[in-house]
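The structure appears right after this line, and notes come after that.
There are 2 protein chains.
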Amino acid sequence: MKKHLKATAHANISMALVKYWGKRDETLILPQNSNLAITWDQYGSTTTVEFNSSYKRDIFTLDGQEFKEGEEYDRVIGQLNLARKLAKIKLKAKVVSQNEVETQAGLASSASGAAALAAASAKAAGLNLNSKQLSILSRQGSGSSCRSILGGFVEWQKGSKADGSDSYAVQLYDENYWPQLCMLTVVVSTKKKELKTRAGMKQTVATCPFYPCWLATVEQDLKEIKQAIKAKNFTKMGEISEHNALKLHALMLTTKPSIIYWLPETVELIHQVQNWRDEGLEAYFTIDAGPQIKILALEKNVSKIKQRLNKLQGVKKVVTLKPGKGVEYLSRHLF
Amino acid sequence: MKKHLKATAHANISMALVKYWGKRDETLILPQNSNLAITWDQYGSTTTVEFNSSYKRDIFTLDGQEFKEGEEYDRVIGQLNLARKLAKIKLKAKVVSQNEVETQAGLASSASGAAALAAASAKAAGLNLNSKQLSILSRQGSGSSCRSILGGFVEWQKGSKADGSDSYAVQLYDENYWPQLCMLTVVVSTKKKELKTRAGMKQTVATCPFYPCWLATVEQDLKEIKQAIKAKNFTKMGEISEHNALKLHALMLTTKPSIIYWLPETVELIHQVQNWRDEGLEAYFTIDAGPQIKILALEKNVSKIKQRLNKLQGVKKVVTLKPGKGVEYLSRHLF
Chain A
25 MKKHLKATAH ANISMALVKY WGKRDETLIL PQNSNLAITW DQYGSTTTVE FNSSYKRDIF
85 TLDGQEFKEG EEYDRVIGQL NLARKLAKIK LKAKVVSQNE VETQAGLASS ASGAAALAAA
145 SAKAAGLNLN SKQLSILSRQ GSGSSCRSIL GGFVEWQKGS KADGSDSYAV QLYDENYWPQ
205 LCMLTVVVST KKKELKTRAG MKQTVATCPF YPCWLATVEQ DLKEIKQAIK AKNFTKMGEI
265 SEHNALKLHA LMLTTKPSII YWLPETVELI HQVQNWRDEG LEAYFTIDAG PQIKILALEK
325 NVSKIKQRLN KLQGVKKVVT LKPGKGVEYL SRHLF
Chain B
25 MKKHLKATAH ANISMALVKY WGKRDETLIL PQNSNLAITW DQYGSTTTVE FNSSYKRDIF
85 TLDGQEFKEG EEYDRVIGQL NLARKLAKIK LKAKVVSQNE VETQAGLASS ASGAAALAAA
145 SAKAAGLNLN SKQLSILSRQ GSGSSCRSIL GGFVEWQKGS KADGSDSYAV QLYDENYWPQ
205 LCMLTVVVST KKKELKTRAG MKQTVATCPF YPCWLATVEQ DLKEIKQAIK AKNFTKMGEI
265 SEHNALKLHA LMLTTKPSII YWLPETVELI HQVQNWRDEG LEAYFTIDAG PQIKILALEK
325 NVSKIKQRLN KLQGVKKVVT LKPGKGVEYL SRHLF
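So the sequence lines, in the order shown, correspond to chains A and B.
The opening position of the first sequence corresponds to residue 25 in the working numbering, with each subsequent residue numbered one higher.
The opening position of the second sequence corresponds to residue 25 in the working numbering, with each subsequent residue numbered one higher.
Structure, rendered in structure tokens:
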């Protein structure tokens with residue numbers, strides 16, 4: 025088993041078109057609703073995990089900064105404990121992680137980070153898990169990370185069992201299915217968000233008066249977007265995505281106290297995208313738990329959209345993504 | 025009857041703290057939910073109506089501009105017809121109206137305008153209506169105008185009868201009840217809105233997935249805000265108002281197609297008001313069907329709030345209002 029004590033994994037970010045917001049089980053991280061995402065290339069996380077008897081405690085370094093306590097540290101330990109429990113080992117670990125994307129700015133760094141950590145720690149611990157088992161392991165570290173295990177178009181099936189054994193991600197189509205599809209991530213603020221996703225979700229489930237109506241309609245969004253993706257109907261897929269994102273933010277606005285991730289620049293871009301559509305340039309936005317706008321577009325329109333974005337004051341950075349691969353193991357370690 | 029053929033009325037704007045959004049009867053203008061507003065001073069509408077056999081058609085002038093057709097014109101004719109039917113007259117009328125507030129910018133000009141028109145046309149037609157009858161008459165021209173008939177704290181009871189005879193405004197407290205209470209209207213855009221309130225409401229009732237949850241919770245907001253007003257509990261009143269306004273905008277965002285009245289400046293001010301509160305300066309916002317922010321505050325904090333507002337780039341104009349009177353008849357006519 026010794027040869028497996030060190031492993032490195034890379035995972036891409038997962039951005040949902042039909043969103044995940046709210047858990048039915050806080051410990052196992054079981055979602056209130058099934059949801060659908062695309063795993064995107066370029067932006068991701070790389071993590072090396074080494075279990076070694078020489079470590080007296082778990083060590084965690086993210087983007088060059090060591091965490092010795094706090095929420096981030098606790099989540100890493102929690103994920104390591106899951107792998108240790110499965111592999112029946114008690115060794116402490118060193119974890120070094122790098123994000124290719126801004127951390128905690130609504131760019132899904134927690135999804136790619138937790139997926140890479142789950143994969144690296146499982147492999148380092150000598151486990152040989154299939155993608156379903158790895159998805160379940162990863163889910164318990166950070167819910168949406170279970171989708172990052174797989175490439176392309178991914179559904180996270182909420183499942184119904186209390187132990188979470190049927191709540192995992194399944195690939196609908198791989199990353200080569202729809203090569204014309206692009207997502208432009210538009211960064212308008214690099215400030216870390218004040219309220220983290222996990223706390224926000226919990227607050228919504230507890231206090232939001234619209235949450236029952238979200239649950240009553242989100243499965244229909246999911247069904248319709250799956251049909252749209254199957255038919256490669258970009259218009260339909262875009263409309264459902266935009267509406268679902270607005271529903272998500274409507275939930276957050278009406279949570280008590282309100283969760284308002286939008287910035288002035290976010291609203292400016294919302295209006296811009298809708299105006300472009302009125303002018304015949306087809307694009308749809310989605311927004312996650314942060315201020316950044318992500319624009320869904322077909323490849324033929326990307327350069328036009330970029331030109332328009334570059335003229336706007338509030339736009340700090342634009343990166344164009346394409347559907348990307350699932351988790352991969354790397355032979356080159358970070359330490 | 026001749027002496028009554030000309031009359032002039034003034035009505036103030038009505039700004040809701042628990043909002044009205046959606047009709048259960050489009051013709052009689054019966055609301056889906058009871059709602060609560062304050063009639064505010066300073067901003068209002070003055071309207072002179074004259075019925076005269078010399079007019080060959082109804083003439084309508086608003087803020088110096090004559091309307092000969094279109095939605096505004098049709099609404100005025102509709103209101104005149106209601107008065108003519110009640111008074112059993114067939115004379116054509118000349119209507120001259122002036123708004124003290126920007127028209128169609130989310131500053132409730134349609135409420136004060138329709139209330140002044142209803143009162144002036146009823147009096148000019150020789151009718152002698154009490155405030156309940158006048159409220160019902162006004163409601164049929166523009167729903168929320170029924171609240172502008174009365175001063176101070178006003179509830180528009182939705183009623184349950186199909187003929188609308190029990191759907192009218194009642195005064196809870198007059199304009200002198202809570203003299204410390206102020207509302208700062210903050211104009212961030214003077215552009216006329218593209219989608220008018222009436223069309224937006226209809227679209228929400230037809231397509232918004234959260235509308236059932238709005239209806240299921242809005243009467244509770246109403247009950248609680250009435251208790252807060254009774255106790256002059258500003259904090260509670262403010263919290264309910266802000267939450268209810270966010271619910272309204274969440275409904276609009278998730279209507280198909282989405283109705284997004286917020287501008288970048290709107291979001292900037294939302295964050296500002298919430299930040300001020302965190303710093304101990306108590307203020308709450310409400311937003312109607314437009315981009316403008318209205319800030320509820322106690323008189324002692326108004327100057328501090330104004331200072332902060334005047335430092336913000338997006339703020340075009342700030343006017344501080346106090347609870348105002350209901351409809352009044354003026355002896356000086358506009359023509």
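From the three backbone atoms N, C-alpha and C, an ideal C-beta is built for every residue, glycine too.
How about Val342(B): is its C-beta nearer than 7 Å to some C-beta of chain A? no
Hey, how far is the Cα of Tyr79(A) from the Cα of Asp245(A)? 48 Å
Using the Cα positions of Tyr285(A) and Gly102(A), report the straight-line distance between them to the nearest angstrom. 28 Å
Hey, is Glu243(B)'s beta-carbon within less than 7 Å of any beta-carbon in chain A? no
Grab the span of the beta strand (DSSP E) containing Phe75(B) for me, first residue to last. 59-75
Assign Lys318(B) to buried or exposed, taking buried as 16 or more other Cβ atoms, counted over all protein chains shown, within 10 Å of its Cβ. buried
What separation, rounded to the nearest whole angstrom, lies between the Cα atoms of Thr32(A) and Val73(A)? 6 Å
Alpha-carbon spacing of Thr214(B) relative to Leu106(A), whole angstroms: 58 Å
Give the residues of chain A in contact with Cys206(B), contact being defined as C-beta atoms less than 8 Å apart. Neighbours of Cys206(B) on chain A: none; closest Cβ ~23 Å, over 8 Å.
Could you tell me which of Asp187(B), Gln195(B), Gly165(B), Gly188(B) sits nearest to Glu179(B), measuring between CA atoms? Gln195(B)
What's the gap between the Cα of Lys109(A) and the Cα of Arg171(A)? 22 Å
Are the beta-carbon atoms belonging to Pro347(B) and Gly68(B) less than 7 Å from one another? no
What does a CB cutoff of less than 6 Å around Tyr197(A) pick up in its chain, not counting 5 residues either side in sequence? Gly176, Phe177
According to the neighbour-count rule (16 or more other Cβ atoms, all chains shown, within 10 Å of its Cβ), is Thr290(A) buried or exposed? buried
Endpoints, the alpha helix (DSSP H) within which Trp286(B) is located: Taken as a continuous stretch (DSSP letters only), Trp286(B) belongs to no alpha helix (DSSP H), as it is neither H nor E.
Nearest CA to the CA of Asp87(B): which residue from His295(B), Ala143(B), Phe309(B), Gly137(B)? Gly137(B)
Kindly indicate which three-state DSSP category Gly176(B) falls into: helix, strand or coil? strand
The region 251-266 of chain A in contact with the region 320-333 of chain A per 3-pair CB rule at 8 Å: yes
Could you name the residues of the region 268-297 of chain A whose beta carbon sits closer than 8 Å to any beta carbon of chain B, in the order they occur along the chain? Leu270, Lys271, His273, Ala274, Leu275, Leu277, Thr278, Lys280, Ser282, Ile284, Trp286, Leu287, Pro288, Glu289, Thr290, Val291, Glu292, Ile294, His295
Of all the beta strand (DSSP E) runs that stay within the bounds of the region 138-162 of chain B, which reach a length of 3 or more residues? none
Helix, strand or coil for Thr32(A) per DSSP? strand
Using a Cβ cut-off of 7 Å, pull out every chain A residue sitting near Phe258(B), in sequence order please. Correct list: empty, because the minimum Cβ distance to chain A is about 17 Å.
Report yes if the C-beta of Thr72(B) is less than 6 Å from at least one heavy atom of the ligand ATP; otherwise report no. The ligand ATP is absent from the structure shown, which contains no ligands of any kind.
Please work out which residues of its chain come closer than 8 Å, Cβ to Cβ, to Asp187(B), disregarding the five sequence neighbours upstream and downstream, and give them in chain order. Leu52
Chain B contact residues for Cys237(A), given Cβ-Cβ distances below 7 Å: Pro233, Phe234, Pro236, Cys237
Does DSSP classify Ala307(B) as helix, strand or coil? coil
Count the other CB atoms, across all protein chains shown, that sit within 10 Å of the CB of Gly94(B); report buried if there are 16 or more and exposed otherwise. exposed
Around the C-beta of Asn154(A), are 16 or more other C-beta atoms found within 10 angstroms, so that it is buried, or is it exposed? exposed
Exposed unless 16 or more other CB atoms sit within 10 angstroms - verdict on Met25(A): For Met25(A), the pLDDT reaches just 45, beneath the cut-off of 50, and the residue's location in the model is therefore unreliable, although a value from the coordinates is still provided. By the 10 Å Cβ count, Met25(A) comes out exposed.
Validate contact between the region 37-53 of chain A and the region 156-171 of chain A using beta carbons, cut 8 Å, 3 pairs: yes
With DSSP run on the structure shown, which of helix, strand or coil describes Ser169(A)? helix
Pick from Gly304(B), Asp302(B), Gln298(B), Glu248(B): whose alpha carbon is nearest that of Thr310(B)? Gln298(B)
Apart from the five residues just before and just after Tyr192(A), which ones in its own chain have a Cβ nearer than 8 Å to its Cβ? Lys156, Ser159, Ile160, Arg163, Cys170, Trp180, Gln181, Gly183
Considering just the uninterrupted stretch of the alpha helix (DSSP H) at Ala255(B), what are its terminal residues? Ala255(B) -> no alpha helix (DSSP H), and no H or E assigned at all.
According to DSSP, is Leu317(B) part of a helix, a strand, or is it coil? The residue you asked about is not Leu; residue 317(B) is Ile in the sequence shown. Looking at Ile317(B) - three-state DSSP - the assignment turns out to be strand.
Using the beta-carbon count (16 or more within 10 Å), is Asn76(A) buried or exposed? exposed
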